[in-house]
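Engineer:
Rendered as structure tokens:
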């Protein structure tokens, strides 16, 4: 177990390094000059002071050859230093440190909601033996997946904050401000969970062990919760890793629509301002989140599926 | 007292009638065997009796009465009180009939709790007692994959009998198990049901099993009952030609063994072959220093139970796996360390036929394309010549010429196995390694395939390495036999010697386990 964990952590470190290097190479190859953008963003339009340009180029080692630049950046990366955000002149790690808990709160709320909505829909469909109600229920997820989340967010804003005034429209203040963004973010994820789980439930109902359960005299809900659900949730569980990706990507749109502070907003701002240190920091953060979540999924999976635990087989 | 009474029962899948007006009675405490081949409607009948018909099936006529109540069109809600409590069900394949993600104890507990035979507080004790009776003391915390097939079937029997039902329906309860395990399981079921006076409706394709276990035998064919009567009478004086055919198909231990003049030169030799598998927990020795010789034009039977190493031996014989130590010699050439490239020209001379004809044929390909594959791989002739060869091969294995354009999914199990044999013959091999080629088939189909193999051997001078867990089958086809246990040879020799005067206790146990000994004693009289 310890060896397995060590191997997985080493793999995770490799993924982080690869994400860092790939983003570094891509950003290096981009034709735009970061110094010009930097000076343009600080307001010195028109004439650029050659001395200032030279000083900045030196500060960011832009005149050094590629491998020197990469070496310096890698050294900083290893110490957890991503440099300073170009437009804001604040360390990248500090900005991310402020934004990340907000996004975490939003994503956690959205994930819980998605689990509840998606799981509930699939279970309800699993309880109904057939007929129009079940078909209606199962046609909801594809519909939800195809709704763009900025549009869903705007509709929710329109109804629940402008018309009814139940929740604040923007900002990060109070628990109420999480509700609408979380709902917006949860809908597509819930739809994916519902689809995967419903399909898995359906195929599990056809497993021979369900016949055994019926032969014991079990009722449909009883069999669903005792026998079918746990077996059917296994493929859904592996999906969690991907769901996190959905939530991160969705946060970009949702945080912008609701003007919330968060990592998604930082991504949007950093990309439009071509804030290279910030973008790199965010790429590595995303990679880190993926590594951690997938490691957690792989560690928890054997608890759900005894078949992949170390075997204690006995012989007849 | 009649416990189960089926009258003029008709069941249809769409427009196909699977059960066509059958009548059948089971008295309290009686053991009735319902015997038939695949497609005879016996499993459909079993499912109708337990209210477990798939939704595509409909009862179109007749009645099923259980303990005086007409249950024919009962809703699911009503069935729930009967199933598990008064009516037990033992399913066919224990490998898939238990929930893989729940402990077996919890799965036994379900049935007790559902029918209020125990409370949350007392259930643990009751489950422990049931598992102990099943010969699995202290195993409640196990998951199904940690148990062998026979142990899982004991758990399922424990579930079926937990509430002391009046009737147990056992749907081919041992057809997925080895012969020795089959015997123990059927003994176990018989002991428990006899003690409680439980009636048993035993569904089986094997008249030998029926003969050993049932008070009465009901023979079914094409949805109809062709013969019924006390087991003794049916076996001694079968009234219908179909029953006679089924009886003849039961592989016999008393039929004369195949004989062959000694001194045939060896074609395949395994010398001190050993195979070890390394894994994190240590090393497993699958095959322990096995010596095996297949002479030219002969059949050598390799017998063993699951886990005896017989399939690993087959893979080594085919050089699909390399032995850890020992030599593999094919027709004088040592192929133990031959590279893939060096082996390739030899490969055409030894071909495999596998156990499961449902998974060994690609369902997307036509039969012609399946047989064409090895021909194409070795660039045998042009397209037209290869098609002629495929047609010729189909004729050899007695399949109609039109089969060539059909797909495997349209064929029965026996037909598929004929296709697999045709494919193996395509390159004119000298040796065919048959790994349990008939154990997925009904007894009567089994018999046909074995006859086909004997005929092909005589015609083409083939050598067979025939692997099976079933001694009776091996006796029917082999000249020599090797008995394998836990990877080691326990006994080997000509069929007549090993079968008539077995030396090793394990061989004796295997011989005892062969079902249908009563068939023989019945017909001998």
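Protein chains in written order, with our numbering: chain A, 1 to 316; chain B, 1001 to 1525. Ideal Cβ positions, reconstructed from N, Cα and C, are used throughout, including at glycine.
1. Counting only beta-carbon atoms, is residue 119 (chain A) nearer than 8 Å to chain B?
2. In chain A, which residues lie less than 9 Å from residue 1479 (chain B) when you measure between Cβ atoms?
3. Does any C-beta atom of chain B lie closer than 8 Å to the C-beta of residue 237 (chain A)?
4. Straight-line CA distance for residue 1187 (chain B) to residue 1174 (chain B)?
5. Just tell me which of B:1285, B:1104, B:1002, B:1435 has its CA closest to the CA of residue 1357 (chain B).
6. Determine the extent of the alpha helix (DSSP H) in which residue 1347 (chain B) is found, giving its start and end residues.
7. Just the C-alpha distance for residue 288 (chain A) and residue 58 (chain A), rounded to the nearest angstrom, thanks.
8. Going by DSSP, what residue range makes up the beta strand (DSSP E) through residue 1362 (chain B)?
9. Taking Cβ positions only, does residue 1524 (chain B) come closer than 8 Å to chain A?
10. On the DSSP bridge list, what partners appear for residue 1064 (chain B)?
11. So what does residue 1282 (chain B) bridge to, in DSSP terms?
12. By DSSP, does residue 59 (chain A) sit in helix, in strand, or in coil?
13. Rounded to the nearest angstrom, what separates residue 301 (chain A) and residue 1308 (chain B) at their Cα positions?
14. Nearest by alpha-carbon distance to residue 15 (chain A): which of A:298, A:264, A:290, A:211 is it?
15. Anything in chain A within Cβ reach of residue 1073 (chain B), meaning under 7 Å, just list it in chain order.
16. Could you pull out every residue in the same chain whose Cβ sits closer than 6 Å to the Cβ of residue 306 (chain A), ignoring the five residues on either side in sequence?
17. Could you run through the segment 1452-1470 of chain B and flag, in chain order, every residue whose CB is less than 7 Å away from some CB of chain A?
18. For the segment 201-230 of chain A, enumerate the residues whose C-beta is nearer than 8 Å to any C-beta of chain B, in chain order.
19. Would you check if the distance between the CB atom of residue 1297 (chain B) and the CB atom of residue 1478 (chain B) is smaller than 8 Å?
20. Less than 8 Å between CB atoms is the rule here; does residue 1064 (chain B) satisfy it with respect to chain A?
21. Given this structure, state the Cα-to-Cα distance separating residue 299 (chain A) from residue 238 (chain A), to the nearest angstrom.
22. Nearest to residue 297 (chain A) by alpha carbon, out of A:275, A:227, A:244?
23. Would you kindly report the start and end of the unbroken alpha helix (DSSP H) that includes residue 1448 (chain B)?
24. Give the DSSP bridge partners of residue 92 (chain A), in chain order.
25. In the DSSP assignment, what residue or residues form a beta bridge with residue 1466 (chain B)?
26. Please work out which residues of its chain come closer than 8 Å, Cβ to Cβ, to residue 106 (chain A), disregarding the five sequence neighbours upstream and downstream, and give them in chain order.
27. Measure the Cβ-Cβ separation of residue 1495 (chain B) and residue 1257 (chain B) and say whether it is below 8 Å.
28. Using a Cβ-Cβ cut-off of 7 Å (strictly less than) and excluding sequence neighbours within five positions of residue 152 (chain A), which residues of its own chain qualify?
29. Among B:1034, B:1131, B:1119, whose alpha-carbon lies nearest the alpha-carbon of residue 1216 (chain B)?
30. How do the segment 1046-1059 of chain B and the segment 1122-1134 of chain B stand: do at least 3 beta-carbon pairs fall below 8 Å, yes or no?
31. When every heavy atom of the ligand FMN is checked, does at least one fall within less than 7 Å of the C-beta of residue 1280 (chain B)?
32. Assuming contact is defined by CB atoms lying nearer than 8 Å, are residue 1048 (chain B) and residue 1199 (chain B) in contact in what I supplied?
33. For residue 1376 (chain B), count neighbouring Cβ atoms within 10 angstroms of its own Cβ and tell me buried if that reaches 16, exposed if not.
34. Entirely within the segment 1197-1246 of chain B and at least 3 residues each: give me those beta strand (DSSP E) ranges in chain order.
35. Relative to the C-alpha of residue 1293 (chain B), which residue among B:1317, B:1280, B:1282, B:1285 is closest?
36. Please name the residue, chosen from B:1018, B:1502, B:1476, that lies closest to residue 1255 (chain B) on a Cα-to-Cα basis.
Structural biologist: On the basis of the data shown:
1. no
2. Near residue 1479 (chain B) there are no residues of chain A at all, since even the closest Cβ is about 31 Å away, more than 9 Å.
3. no
4. 11 Å
5. B:1435
6. 1340-1347
7. 30 Å
8. Looking at the DSSP string, residue 1362 (chain B) is not in any beta strand (DSSP E), and its letter there is neither H nor E.
9. The predicted model places residue 1524 (chain B) with a pLDDT of 41, which falls under 50 and marks its position as unreliable; any figure quoted below should be read in that light. Residue 1524 (chain B) does not count as touching chain A.
10. B:1006
11. B:1279
12. helix
13. 32 Å
14. A:290
15. Correct list: empty, because the minimum Cβ distance to chain A is about 17 Å.
16. none
17. none
18. 207, 208, 209, 211, 212, 213, 214, 215, 216, 217, 218, 219, 220, 222, 226, 227, 230
19. no
20. no
21. 11 Å
22. A:244
23. 1443-1460
24. Residue 92 (chain A) is not bridged to any residue.
25. B:1301, B:1434
26. 178, 181, 182, 185, 251, 254, 255, 260, 262
27. yes
28. 184, 187
29. B:1034
30. no
31. The ligand FMN is not among the ligands present in this structure, which contains no ligands whatsoever.
32. no
33. exposed
34. 1199-1204, 1216-1221, 1224-1230
35. B:1317
36. B:1476
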